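Take a look at the structure set out below.
In my numbering, the protein residues as written are 70 to 458.
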């Protein structure tokens, strides 16, 4: 008994399944043969095997074109789903997707940031609700990508550190608590690292090999992509730029971050104007010419510029991408770009094309990668009889 293999050397069933996962939407066997560089008989045999394994199914007929009506094939719902959870200091996002990473249902709720335990409970309950809404409650969850603030270093330490904007003052074993409540593999990663992954695959960093993402929301953090590889650091703390001392620091100490970002900015603004609703209100006033609002926004731009300068000197990125609820603000991004142009090595500063969904998109990508590996492994674990090529 032998196994048919495509030009890549992988079993043909694996090659065909990889194509179906990478190119969402139904495809005919002829289309699969052309895309996979396999003969039609080989693809027919591969589809038959995948069907027997529950990894492919007929999705109807394609008609209206010259020639015989062709059967369309795709990955069935029962094969599994993936999920993504983005835990932010302000909002909690949950998405349930098909195995190709296409979101089926996505929701956003205010984060119950009374500590990590409260956030875990909310995330697990919301994921269960979204799976029901997506019709995937009884489908295997192949992976759940989870985005969190703080330093994540699961290789050496299960504790997530520096997640103050969740109301968590001490290190917390976020991974174990999530894994206990989610019936599938949990892939925990720092939120800005996931934003960098998302920008590299789908966003403003897709054509870059070395760049940095600075996320400015409730707090501030950076994700660094160097020569196409994510830099996590020895302790998972690469990119914890809130610890950088700056000349515009509000309250930085060696153990407490300056916290350039929304929470600190809003506290400072409300100290003189308690009627201020939120950070967006502050930017609206600055855009309208309010002197006090303009001075606060200018200070914030200089804080972010000093972070850009530090990253430029150490990493020398091609570009810095700003993201997050505040980082995506046009007024801030434009001013930071002006300041960055004055650096000894001028650096381009762009706004994210993914907006405040960047971390969620990165979590989806990570979960989808894991699910794809699982599904492809099934096709390579059992030999299949050969057919003529």
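We put the beta carbon where it would ideally sit given N, CA and C, even for glycine.
Keep in mind it's a predicted model, so treat the numbers as computed, not measured.
My output table needs one value for residue i: the three-state DSSP class, helix, strand or coil.
i, result
"residue 241", "strand"
"residue 116", "helix"
"residue 167", "coil"
"residue 467", "This structure cannot speak to residue 467, because the chain is shown only from 70 to 458."
"residue 209", "coil"
"residue 181", "coil"
"residue 293", "strand"
"residue 199", "helix"
"residue 420", "strand"
"residue 172", "strand"
"residue 260", "helix"
"residue 282", "strand"
"residue 298", "strand"
"residue 144", "coil"
"residue 439", "helix"
"residue 214", "strand"
"residue 92", "coil"
"residue 393", "helix"
"residue 377", "helix"
"residue 384", "helix"
Classify residue i as buried or exposed, calling it buried when 16 or more other Cβ atoms lie within 10 Å of its own Cβ.
i, result
"residue 268", "buried"
"residue 207", "exposed"
"residue 276", "exposed"
"residue 322", "Caution is warranted here: a pLDDT of 42 is assigned to residue 322, below 50, making its placement in the model unreliable, and the coordinate value is therefore given only provisionally. Under this definition residue 322 is an exposed residue."
"residue 225", "exposed"
"residue 259", "buried"
"residue 425", "buried"
Suppose the cutoff is 6 angstroms on Cβ atoms and the five residues either side in sequence are ignored; what does the same chain contact list for residue i look like?
i, result
"residue 205", "150 and 165"
"residue 126", "145"
"residue 408", "374"
"residue 37", "Given a span of 70 to 458 for the chain in the structure shown, any question on residue 37 remains unanswerable."
Can you list, in chain order, the residues of its chain whose CB lies under 7 angstroms from that of residue i, leaving out five sequence neighbours each side?
i, result
"residue 264", "282, 284, 292, 392, 427, 428 and 431"
"residue 83", "445, 448 and 449"
"residue 271", "423 and 430"
"residue 461", "A query on residue 461 cannot be resolved here, the shown segment of the chain reaching from 70 to 458 and no further."
So residue i and residue j are in contact, right, with Cβ under 8 angstroms, and what is the actual spacing, rounded?
i, j, result
"residue 462", "residue 310", "Residue 462 lies beyond the residue range present for the chain, which begins at 70 and ends at 458; the question has no answer from this structure."
"residue 105", "residue 118", "At roughly 14 angstroms, the Cβ-Cβ gap does not stay under 8 angstroms, so residue 105 and residue 118 are not in contact."
"residue 90", "residue 441", "5 angstroms"
"residue 32", "residue 196", "Since the first residue of the chain shown is 70 and the last is 458, residue 32 is not available in this structure."
"residue 236", "residue 184", "5 angstroms"
"residue 128", "residue 95", "4 angstroms"
"residue 316", "residue 375", "7 angstroms"
"residue 245", "residue 155", "No, residue 245 and residue 155 are not in contact; Cβ-Cβ is about 20 angstroms, not under 8 angstroms."
Flag this pair as yes or no: are the beta carbons of residue i and residue j separated by less than 8 angstroms?
i, j, result
"residue 266", "residue 193", "no"
"residue 386", "residue 239", "no"
"residue 229", "residue 219", "yes"
"residue 160", "residue 131", "no"
"residue 369", "residue 401", "yes"
"residue 109", "residue 142", "no"
"residue 286", "residue 157", "yes"
"residue 203", "residue 223", "no"
"residue 189", "residue 257", "no"
"residue 107", "residue 445", "no"
"residue 450", "residue 414", "no"
"residue 352", "residue 398", "yes"
Should residue i be listed as close to the ligand GTP, given that the test is whether its C-beta is under 7 angstroms from any heavy atom?
i, result
"residue 359", "Although the ligand GTP was asked about, the structure shown includes no ligands whatsoever."
Considering only residues of the same chain and omitting the five flanking positions on each side of residue i, which have a CB-CB separation below 8 angstroms?
i, result
"residue 274", "265, 268, 280, 282, 294, 388 and 390"
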